[in-house]
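Residue numbers (my numbering): 6 to 417.
Please read the structure below before turning to the comments.
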Ligand SMILES: Cc1cc2nc3c(=O)[nH]c(=O)nc-3n(C[C@H](O)[C@H](O)[C@H](O)COP(=O)(O)OP(=O)(O)OC[C@H]3O[C@@H](n4cnc5c(N)ncnc54)[C@H](O)[C@@H]3O)c2cc1C
């Protein structure tokens with residue numbers, strides 16, 4: 006039997022939606038992706054930890070050359086994998102092996118510059134990517150789904166995939182009881198990056214490159230750091246591997262997120278100014294009084310223009326539901342705290358799981374809603390336990406040292 010293509014409407018052009026779009030096109034289906042933002046320039050964070058769960062999903066979904074471009078632009082191999090906790094003088098307190106063990110080979114999955122990955126994922130989708138158009142609601146019947154868009158028009162598809170993030174409009178209609186739990190993690194919700202200039206490099210001990218690390222003291226101050234050192238120039242890699250993809254070079258940097266003392270005013274993103282960034286960076290330095298000079302140098306070197314606040318949150322997800330032509334992937338299904346660096350990895354994995362099941366539908370091996378039900382069961386079994394583990398930040402980052410610190414008032 007010839008492959009029977011489905012038309013899949015995807016709400017959201019984030020990591021999950023774009024990966025699903027590539028995978029579905031590769032399988033022989035057609036897609037339309039609707040993304041509410043006009044550009045990819047809005048603040049999305051910097052370093053993104055990618056492990057074999059996410060890397061394998063990219064390999065399954067992307068055209069072969071775009072996958073190689075992802076590999077070429079990823080971070081050089083770490084000295085160690087897993088999460089590390091250090092005290093304010095950079096002595097190791099605790100560590101924890103990675104949740105998903107690394108793979109051997111020339112390009113073990115490590116981490117990427119998030120915007121660059123999104124640019125790779127956005128490549129070759131011009132004909133099907135509709136920027137500046139949000140999905141508002143949907144109506145399904147026996148033959149398909151009608152999706153209403155923010156410009157007042159509607160589109161029809163065989164399937165609607167909600168890949169529209171933690172505040173998903175698709176999920177709100179499909180599973181209205183799911184609640185978003187808003188939280189913060191002891192003040193590390195402000196992110197920024199410091200380029201690794203010669204001057205900063207001279208102040209960084211080698212251990213800073215060992216892996217993603219949390220540096221803490223017993224007064225409640227915390228500094229999360231991850232270094233990004235690309236395997237090679239992104240512009241050169243793109244020119245050689247996929248010349249139709251324009252990538253700018255990103256210099257090596259340290260991504261950092263740091264405590265601010267209680268009472269520091271943090272304005273909402275829309276009101277954030279460079280003066281706020283300078284004031285908040287100074288407040289961070291106050292929080293790190295007496296810390297190892299390298300830790301202070303990272304914060305002092307933060308580019309003011311790179312700083313932004315991330316409101317953390319996670320879902321209290323639905324246990325199960327009756328499958329239909331409408332489904333959800335990524336943060337819209339299981340947004341989690343960044344504790345374990347697994348949100349994007351599980352989101353990419355969802356895209357690959359869904360592509361696999363919808364490919365089977367195209368081959369006539371399984372009925373559509375049964376296939377979507379199979380995807381949803383696999384997604385819940387994989388992502389929900391990780392979501393729950395990520396919610397216990399202090400127990401599950403770095404092997405519990407943060408719990409010990411929180412319960413011990415003595416100075417470190
Ligand atoms: C600070 C921070 C650090 C993190 N670090 C890591 C890490 O190291 N490793 C890791 O695996 N994960 C990490 N995560 C988690 C990761 O960023 C998310 O899990 C991942 O981005 C989810 O991808 P997504 O495509 O599901 O959602 P999103 O990336 O949120 O994309 C959703 C898209 O949908 C669009 N959209 C929203 N509503 C609509 C609508 N109604 N119609 C159309 N479009 C819409 C949005 O504009 C957005 O582009 C981190 C998260 C944070 C906040």
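Every residue, glycine too, gets a C-beta built ideally from N, C-alpha and C.
Computed from a predicted model, the values in this text were never measured in an experiment.
Beta-carbon proximity check, residue i vs residue j, cutoff 7 Å
i: residue 418; j: residue 197; result: Shown here, the chain extends from 6 to 417; a query on residue 418 therefore has no answer.
i: residue 16; j: residue 175; result: yes
i: residue 401; j: residue 59; result: no
i: residue 11; j: residue 27; result: no
i: residue 261; j: residue 201; result: no
i: residue 39; j: residue 117; result: no
i: residue 394; j: residue 62; result: no
i: residue 252; j: residue 124; result: yes
i: residue 270; j: residue 71; result: no
Candidates the options, of which the one nearest residue i by Cα
i: residue 52; options: 87, 121, 27; result: 121
i: residue 50; options: 247, 194, 149, 175; result: 194
i: residue 322; options: 331, 311, 338, 329; result: 338
i: residue 6; options: 389, 367, 388, 386; result: 367
i: residue 407; options: 65, 92, 87; result: 92
i: residue 348; options: 134, 234, 168; result: 168
i: residue 37; options: 363, 135, 143, 99; result: 135
i: residue 98; options: 218, 153, 41, 31; result: 218
i: residue 294; options: 221, 115, 66; result: 221
i: residue 211; options: 56, 130, 300, 151; result: 300
Straight-line gap, residue i to residue j (C-alpha atoms, nearest Å)
i: residue 380; j: residue 110; result: 29 Å
i: residue 279; j: residue 313; result: 10 Å
i: residue 266; j: residue 227; result: 11 Å
i: residue 20; j: residue 264; result: 28 Å
i: residue 126; j: residue 258; result: 22 Å
i: residue 225; j: residue 292; result: 9 Å
i: residue 25; j: residue 223; result: 44 Å
i: residue 5; j: residue 204; result: The chain is shown from 6 up to 417; residue 5 falls before or after that span and cannot be answered.
i: residue 382; j: residue 108; result: 26 Å
i: residue 398; j: residue 199; result: 25 Å
i: residue 377; j: residue 328; result: 6 Å
i: residue 147; j: residue 374; result: 11 Å
i: residue 309; j: residue 326; result: 45 Å
i: residue 414; j: residue 94; result: In this predicted model, residue 414 has a pLDDT of only 42, less than 50, meaning its place in the structure is not dependable enough to derive any value.
i: residue 85; j: residue 113; result: 12 Å
i: residue 317; j: residue 273; result: 13 Å
i: residue 160; j: residue 180; result: 22 Å
i: residue 417; j: residue 96; result: The pLDDT assigned to residue 417 is 39, lower than 50, so where the model puts this residue is not dependable; a value taken from the coordinates is nonetheless given after this. C-alpha separation (whole angstroms): 11 Å.
i: residue 55; j: residue 254; result: 19 Å
i: residue 250; j: residue 79; result: 16 Å
First and last residue of the uninterrupted alpha helix (DSSP H) at residue i
i: residue 363; result: 348–367
i: residue 61; result: 57–66
i: residue 281; result: 279–292
i: residue 253; result: Per DSSP, residue 253 belongs to no alpha helix (DSSP H) and is neither H nor E.
i: residue 384; result: 373–396
i: residue 79; result: From DSSP, residue 79 is part of no alpha helix (DSSP H); its letter is neither H nor E.
i: residue 246; result: 239–246
i: residue 337; result: 336–339
Residue i, enclosing beta strand (DSSP E) - first and last residue
i: residue 165; result: 164–167
i: residue 324; result: Looking at the DSSP string, residue 324 is not in any beta strand (DSSP E), and its letter there is neither H nor E.
i: residue 228; result: 227–233
i: residue 154; result: 149–154
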